[in-house]
Amino acid sequence: MRVGIIGGGITGLSCAYYLGKLGPDMDATVFDPAPGGPIGTVNIEGCILETGPESWLAAKPWAEQLIRELGLGDDLTGSNDAQRRTFVLRDGRFLTLPEGLQMVVPTKVLPVLKSELFGWGTKLRMGLEVFRNPVAHPDRSVSDFVNDHFGPEAVEFLAEPLLAGVYGGSPDELSAASVLPKFVEYEQRYGSVVVGTFRDRRPPSKNSIFRSLRSGVGTLIEALKSRVHIVNSRVDSLELSDDIGWTITADGKQSIFDIVIVACGANKAQPLLAPIDPELSELLGTIPYSGSAIWTFGYRRSDVPHPLNAFGFLVPRAEREARNMKMMACTWLGTKWAGRVPDDKAVFRCFSTDPDAPRAAVQAELHRLMEITADPLFSVGHRWPESMPQYTIGHAARVDEIERRASELPGLYLAGNAYRGIGIPDCVKSAQQTAKAISELIPALLAQ
Ligand SMILES: Cc1cc2nc3c(=O)[nH]c(=O)nc-3n(C[C@H](O)[C@H](O)[C@H](O)COP(=O)(O)OP(=O)(O)OC[C@H]3O[C@@H](n4cnc5c(N)ncnc54)[C@H](O)[C@@H]3O)c2cc1C
Numbered sequence: 003m004r005v006g007i008i009g010g011g012i013t014g015l016s017c018a019y020y021l022g023k024l025g026p027d028m029d030a031t032v033f034d035p036a037p038g039g040p041i042g043t044v045n046i047e048g049c050i051l052e053t054g055p056e057s058w059l060a061a062k063p064w065a066e067q068l069i070r071e072l073g074l075g076d077d078l079t080g081s082n083d084a085q086r087r088t089f090v091l092r093d094g095r096f097l098t099l100p101e102g103l104q105m106v107v108p109t110k111v112l113p114v115l116k117s118e119l120f121g122w123g124t125k126l127r128m129g130l131e132v133f134r135n136p137v138a139h140p141d142r143s144v145s146d147f148v149n150d151h152f153g154p155e156a157v158e159f160l161a162e163p164l165l166a167g168v169y170g171g172s173p174d175e176l177s178a179a180s181v182l183p184k185f186v187e188y189e190q191r192y193g194s195v196v197v198g199t200f201r202d203r204r205p206p207s208k209n210s211i212f213r214s215l216r217s218g219v220g221t222l223i224e225a226l227k228s229r230v231h232i233v234n235s236r237v238d239s240l241e242l243s244d245d246i247g248w249t250i251t252a253d254g255k256q257s258i259f260d261i262v263i264v265a266c267g268a269n270k271a272q273p274l275l276a277p278i279d280p281e282l283s284e285l286l287g288t289i290p291y292s293g294s295a296i297w298t299f300g301y302r303r304s305d306v307p308h309p310l311n312a313f314g315f316l317v318p319r320a321e322r323e324a325r326n327m328k329m330m331a332c333t334w335l336g337t338k339w340a341g342r343v344p345d346d347k348a349v350f351r352c353f354s355t356d357p358d359a360p361r362a363a364v365q366a367e368l369h370r371l372m373e374i375t376a377d378p379l380f381s382v383g384h385r386w387p388e389s390m391p392q393y394t395i396g397h398a399a400r401v402d403e404i405e406r407r408a409s410e411l412p413g414l415y416l417a418g419n420a421y422r423g424i425g426i427p428d429c430v431k432s433a434q435q436t437a438k439a440i441s442e443l444i445p446a447l448l449a450q
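Counting in this note's numbering, the sequence shown runs from 3 upward without gaps.
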């Protein structure tokens with residue numbers, strides 16, 4: 003069976019890998035001019051730096067399963083949780099994010115009571131939240147959801163900076179049902195998300211919250227690339243005909259497939275599917291995208307006065323607007339990860355949702371906040387325009403409709419971060435599910 007995969011990010015590559023495991027009759031080809039998408043690792047001055055993602059959530063097992071299967075289990079590592087602390091910038095000061103938060107939900111009383119990040123009004127609301135009655139709302143924004151449960155300070159100083167770093171979007175537009183599904187479920191079952199979080203609490207794990215590879219996340223991409231068939235070309239068009247199936251045209255060359263997996267993002271899928279199913283294409287176009295930039299700066303440790311006693315800091319929207327800042331988050335790499343930064347260096351990974359964020363502006367912000375006066379030893383930038391799908395209000399219903407329409411086109415599959423999860427593990431899960439669905443077709447196709 004010939005399978006063409008459009009897009010060789012983590013989704014497309016792992017899909018090809020899983021299909022390859024089904025046996026020699028499964029012939030999968032990945033088309034991508036730049037496989038890996040934003041995932042990649044570079045080594046500069048003895049520092050291991052990421053071009054995009056640097057880790058994933060340990061609670062989601064799918065990426066780790068794949069990594070172990072690829073024989074990279076020994077390279078797995080966890081964040082240095084003994085030093086786990088995050089600062090939030092408020093009125094120009096670094097304030098500690100209270101310990102025990104599960105995303106926006108407080109699970110420890112004392113750290114919240116002692117926190118300078120919130121006023122007494124918010125602390126009181128967090129305490130009284132446990133008395134809410136179960137209720138089912140139509141999908142609403144993350145801001146509305148968090149404001150309803152914990153008040154506006156929790157939106158501005160928790161939800162906004164925490165989610166902006168993951169989705170690159172505004173909580174005013176993101177869908178609570180898609181971005182905080184567990185909490186919406188708790189709201190429906192218990193009324194209170196604090197009560198729901200307590201009831202569902204598992205015994206504390208010895209593992210760290212974030213997982214990665216010692217040698218960098220790019221190692222996963224390299225391992226997959228070495229195991230699958232890749233054509234380094236952009237797909238220009240896609241055709242479907244009853245007699246020959248799917249035709250992919252890339253760099254002027256046509257190839258024919260029984261099955262096509264579109265794993266290049268909804269925004270890039272939209273024009274490819276327009277001639278085949280205009281309505282499906284239009285639906286794909288309703289998923290908006292945002293971009294981002296990562297600027298990484300390295301210094302002599304002796305040039306950085308700060309003790310670097312945290313994983314880094316977040317810059318909430320109010321603070322960015324008040325100070326005209328580009329940076330929304332900064333990771334102190336040497337503290338968060340053992341073995342990535344030599345002891346005599348300090349490395350800062352600065353994240354902006356402006357893909358055009360100029361190096362000089364980000365560097366100036368970093369120098370001001372960290373009181374650095376020396377020039378960096380190195381700086382490296384990676385820009386990712388239109389790379390982050392936005393799960394806006396109504397996203398889940400839109401995806402249901404997209405999948406329903408796609409299922410009417412024989413041999414078409416959509417996979418990737420645009421639909422049911424944006425993190426690396428979600429993408430691997432999407433690849434696993436797609437490969438499984440295709441494997442279930444094999445007996446019927448072989449019988450034809
Ligand atoms: C800066 C940044 C930081 C992130 N940090 C984290 C993190 O720390 N943890 C985490 O879990 N997730 C993180 N993410 C999210 C995660 O990296 C992505 O959701 C995931 O990599 C997406 O994988 P994908 O394969 O679905 O899509 P992509 O990686 O976007 O792959 C799509 C591929 O399709 C290709 N393509 C596009 N058009 C065509 C065409 N016409 N023909 C052929 N190929 C085409 C592109 O070249 C690309 O390689 C981050 C994302 C970004 C951008």
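Each residue gets a CB set at the ideal place from its N, CA and C atoms; glycine is no exception.
Bear in mind that the values here come from a model prediction, so they are computed numbers and not experimental data.
Status (buried if at least 16 other CB within 10 Å, exposed otherwise) for residue i
i	result
residue 234	exposed
residue 258	exposed
residue 432	buried
residue 1	Outside the displayed range of the chain (3 to 450) lies residue 1, so it cannot be described from this structure.
residue 133	exposed
residue 54	buried
residue 108	buried
residue 392	buried
residue 207	exposed
residue 67	exposed
residue 321	buried
residue 265	buried
residue 151	buried
residue 370	exposed
residue 15	buried
residue 100	buried
residue 111	exposed
residue 71	exposed
residue 220	buried
Contacts around residue i, its chain only, beta-carbon distance under 6 angstroms, and the 5 residues preceding and following it disregarded
i	result
residue 185	195
residue 340	82
residue 473	This structure cannot settle anything about residue 473, because the visible part of the chain is limited to 3 through 450.
residue 407	282
residue 104	199
Enclosing alpha helix (DSSP H) for residue i [first to last residue]
i	result
residue 64	64-71
residue 122	122-130
residue 392	Here residue 392 belongs to no alpha helix (DSSP H), and DSSP marks it neither H nor E.
residue 29	Element bounds for residue 29: not the alpha helix (DSSP H) but the beta strand (DSSP E), 29-33.
residue 80	That residue, residue 80, is in no alpha helix (DSSP H); its beta strand (DSSP E) goes 78-80.
residue 372	361-372
residue 350	Residue 350 -> not in any alpha helix (DSSP H); beta strand (DSSP E) instead, spanning 347-354.
residue 225	220-227
For residue i, the first and last residue of its enclosing beta strand (DSSP E)
i	result
residue 241	237-243
residue 92	88-92
residue 52	49-52
residue 302	291-302
Chain B contact for residue i (CB, 8 angstroms cutoff)
i	result
residue 82	Although the question refers to chain B, the structure presented lacks it and comprises just one protein chain.
Residue i beta carbon near ligand 1 (any heavy atom closer than 7 angstroms)
i	result
residue 80	no
residue 49	no
residue 357	no
residue 297	no
residue 248	no
residue 56	yes
residue 452	The shown model of the chain, from 3 to 450, leaves out residue 452, and the question about it has no answer.
residue 31	no
residue 294	yes
residue 38	yes
residue 265	yes
residue 389	yes
residue 386	yes
residue 102	no
residue 43	no
residue 429	yes
residue 288	no
residue 270	yes
Close Cβ partners of residue i (< 8 angstroms) along its chain, the five nearest in sequence each way excluded
i	result
residue 365	297, 299, 378, 381
residue 149	156, 157
residue 439	415
residue 430	12, 13, 16, 64, 65, 67, 68
Neighbourhood of residue i by C-beta, 7 angstroms cutoff - its chain only, sequence neighbours within 5 removed
i	result
residue 153	123, 124, 127
residue 179	141, 186, 398
residue 363	328
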